[in-house]
Amino acid sequence: MTTTYCIEVENLNFSFDKNIVLEDVSFNIARGQYTGLIGPNGGGKTTLIKIILGLLTPSAGSVRLFGEPANDFMRRFLIGYVPQNASQAEFYFPATAHEIVRSGRTAKVGLFRRFTKADDEAIAHAMETAGVIDLKDRLIGKLSGGQRQRVFIARALAGDPQVLILDEPAVGVDTASKERFYEFLRDLNKNNGMTILFVTHDLGVIAHEVGTVLCLNTTLLCHSDPGVFTEDRLIEIAYGGKVTPVIHGH
Amino acid sequence: MPEILQFDFMLRAFAAGAILAVIAPVIGIFMVVRRYSLMADTLAHISLTGVAAGMLTKTYPLGGALAVSVAAAVGIEKLRGSKAVFGESAVALFFWGGMAAAVVLLSMAGGFNTSLFAYLFGSISTVTARDLYVIAALGVLILAVVFLLYKELFFVSFDESLARANGLRAEAFNLVIIIMAAVAIVLAMPIVGALLIGALMVVPVVTAMQFAVSFRRTLFISIIISLISVMSGLVLSYYLDIASGGTIVITALGIFVFVWLATAKKR
Numbered sequence: 318m319t320t321t322y323c324i325e326v327e328n329l330n331f332s333f334d335k336n337i338v339l340e341d342v343s344f345n346i347a348r349g350q351y352t353g354l355i356g357p358n359g360g361g362k363t364t365l366i367k368i369i370l371g372l373l374t375p376s377a378g379s380v381r382l383f384g385e386p387a388n389d390f391m392r393r394f395l396i397g398y399v400p401q402n403a404s405q406a407e408f409y410f411p412a413t414a415h416e417i418v419r420s421g422r423t424a425k426v427g428l429f430r431r432f433t434k435a436d437d438e439a440i441a442h443a444m445e446t447a448g449v450i451d452l453k454d455r456l457i458g459k460l461s462g463g464q465r466q467r468v469f470i471a472r473a474l475a476g477d478p479q480v481l482i483l484d485e486p487a488v489g490v491d492t493a494s495k496e497r498f499y500e501f502l503r504d505l506n507k508n509n510g511m512t513i514l515f516v517t518h519d520l521g522v523i524a525h526e527v528g529t530v531l532c533l534n535t536t537l538l539c540h541s542d543p544g545v546f547t548e549d550r551l552i553e554i555a556y557g558g559k560v561t562p563v564i565h566g567h
Numbered sequence: 095m096p097e098i099l100q101f102d103f104m105l106r107a108f109a110a111g112a113i114l115a116v117i118a119p120v121i122g123i124f125m126v127v128r129r130y131s132l133m134a135d136t137l138a139h140i141s142l143t144g145v146a147a148g149m150l151t152k153t154y155p156l157g158g159a160l161a162v163s164v165a166a167a168v169g170i171e172k173l174r175g176s177k178a179v180f181g182e183s184a185v186a187l188f189f190w191g192g193m194a195a196a197v198v199l200l201s202m203a204g205g206f207n208t209s210l211f212a213y214l215f216g217s218i219s220t221v222t223a224r225d226l227y228v229i230a231a232l233g234v235l236i237l238a239v240v241f242l243l244y245k246e247l248f249f250v251s252f253d254e255s256l257a258r259a260n261g262l263r264a265e266a267f268n269l270v271i272i273i274m275a276a277v278a279i280v281l282a283m284p285i286v287g288a289l290l291i292g293a294l295m296v297v298p299v300v301t302a303m304q305f306a307v308s309f310r311r312t313l314f315i316s317i318i319i320s321l322i323s324v325m326s327g328l329v330l331s332y333y334l335d336i337a338s339g340g341t342i343v344i345t346a347l348g349i350f351v352f353v354w355l356a357t358a359k360k361r
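Line by line, the protein sequences are chains D and V.
The first sequence begins at 318 in our numbering and counts up one residue at a time.
The second sequence begins at 95 in our numbering and counts up one residue at a time.
In structure tokens:
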């Protein structure tokens, strides 16, 4: 059965100890959709992403990926993930940008199989798309924050994903690179039909770049196209003030 | 033929040493990048329990060491995974438990003799023919596993959560790394000794990392450094009549200091 949705989240609940992190969250993301996810810190954005990625198990509710229950979904590499840039853990790791990008294709290649010529070409293509082919022999720890971020995007693309999930990818990146980065995502969405789910604090991006916005603060406060809101209204929804849930049919 | 090659025990030591010199950094590199450096020492101390049990029951000491070391490796991963204690504390509990059990068993076995000394600090004359066969067979097995799982081990080591998000069973690969480490440690015990095995797994890798090259090259360079350390350590040990384990590790550390100074400009 084919479905038009890449990600279907239904009545999702997640509690940690006795704290409710997510309550009754439901939404769908269609193929080719460009979605921005906003909300205050501690509002459950990263938890939601981790559940979609299978890194956390929800307390209740379900996630379906490409029409299949997430638990049984075997082709998880179809979802590319770019984690937050904050981690410095990789600073001393002895690996080149090329080795890091190549690791993004590990699951697609499969256990006990070696990288073929076609894999090498796909990896080179991902590096070209993300603009990091010139950095391929540089050590990951010697790159700037912006360069490292693009390497991680190339790594996500190396597995030929159909969905790209990015968790605050532009944090710590200078304004000029940020502009280029948003342009790059827009292009990926428009020309390659990539489905994008994008966690951000940058409300300007929400207003100008994405096609759909999800506001999350434990519950889903809104699910709509961003044109409905002024920036002020978005700030109010996401970061405080009296909130009336606005749910549009999607 | 030089005198050193006329003795069977020396030939066995060189053969076993060459195999160990290759497998120690091959496992060691994954331990170092995962911040598991001291895990090797913990497993080595725990495996002394197996040696002691072997001495007590008059069975093959390395067999006991292998069983205890692998069981402890699995236990540490389980305790760490249960999140009941800090990862570091999990390692420490096993470390003390292993040492305590070893000391108790040794005192029951009639104590602290020369044979124990060899297991603690390594000795070129202790590698038996049986040791050599075991080292060769398990050494080849370890190399085969790393060769087959290289891309997965690399991915899980660099970014475990992304590897899991991509559907890899990260816990299984972690377990593979730590079990291979447990095996390698026991194999290295006759030559390097339980107290210094960790150094053979870690020092060549840390030295190779000073060159700031790719993961693959770091691995090759660390194998070369390890081979030089083990071979020259064995030769020095023979001619100067000093403990092989200490000689090997001092050689490896000497290379580290040299490389560290030589690459200082690059940093």
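Each residue gets a CB set at the ideal place from its N, CA and C atoms; glycine is no exception.
Item, Value
"Status (buried if at least 16 other CB within 10 Å, exposed otherwise) for residue 526 (chain D)", "buried"
"Residues near residue 303 (chain V) in its chain [Cβ-Cβ closer than 7 Å; skip 5 each side]", "312"
"Interface residues of chain V facing residue 410 (chain D) [CB-CB closer than 7 Å]", "127 and 252"
"Per-residue DSSP class, three states only, for residue 389 (chain D)", "helix"
"Nearest candidate by alpha-carbon position, reference residue 246 (chain V), set V:155, V:266 and V:193", "V:266"
"Residue 357 (chain V) (DSSP reduced to helix, strand or coil)", "coil"
"Three or more C-beta pairs below 8 Å linking the segment 382-400 of chain D and the segment 478-487 of chain D", "yes"
"Residue 321 (chain D) burial status per 10 Å Cβ neighbour count (16 or more: buried)", "exposed"
"DSSP three-state assignment for residue 527 (chain D), whether helix, strand or coil", "coil"
"As assigned by DSSP and simplified to three states, the class of residue 127 (chain V)", "helix"
"Per-residue burial, residue 381 (chain D) [other beta carbons within 10 Å of its own, 16 or more giving buried]", "buried"
"Three-state secondary structure (DSSP) of residue 341 (chain D)", "strand"
"At least 3 beta-carbon pairs within less than 8 Å: the segment 449-465 of chain D vs the segment 414-421 of chain D", "yes"
"Distance CB(residue 447 (chain D))-CB(residue 474 (chain D)) smaller than 9 Å", "yes"
"Contacts of residue 262 (chain V) in chain D (Cβ-Cβ under 8 Å)", "423 and 424"
"C-beta neighbour in chain V for residue 413 (chain D), strict 9 Å", "yes"
"Candidates V:352, V:307, V:270 and V:326, of which the one nearest residue 341 (chain V) by Cα", "V:326"
"Local conformation of residue 329 (chain V) per DSSP, three classes", "helix"
"Anticipated Cβ contact below 8 Å, residue 92 (chain V) with residue 285 (chain V), distance rounded", "There is simply no residue 92 (chain V) to check, as chain V begins at 95 and stops at 361 in what is shown."
"Residue 435 (chain D) versus residue 423 (chain D) - alpha carbon distance", "13 Å"
"Beta-carbon proximity of residue 343 (chain D) to residue 329 (chain D), cut-off 9 Å", "yes"
"Minimum Cβ-Cβ distance from residue 371 (chain D) to chain V less than 9 Å", "yes"
"Which of helix, strand or coil DSSP assigns to residue 330 (chain D)", "strand"
"Contact set for residue 353 (chain V): own chain, Cβ-Cβ below 6 Å, skip 5 residues either direction", "301 and 304"
"Cα-Cα separation, residue 139 (chain V) to residue 221 (chain V)", "20 Å"
"C-beta neighbour in chain D for residue 245 (chain V), strict 9 Å", "yes"
"Residue range of the alpha helix (DSSP H) that includes residue 415 (chain D)", "414-420"
"Three-pair Cβ contact test at 8 Å for the segment 233-247 of chain V versus the segment 261-276 of chain V", "yes"
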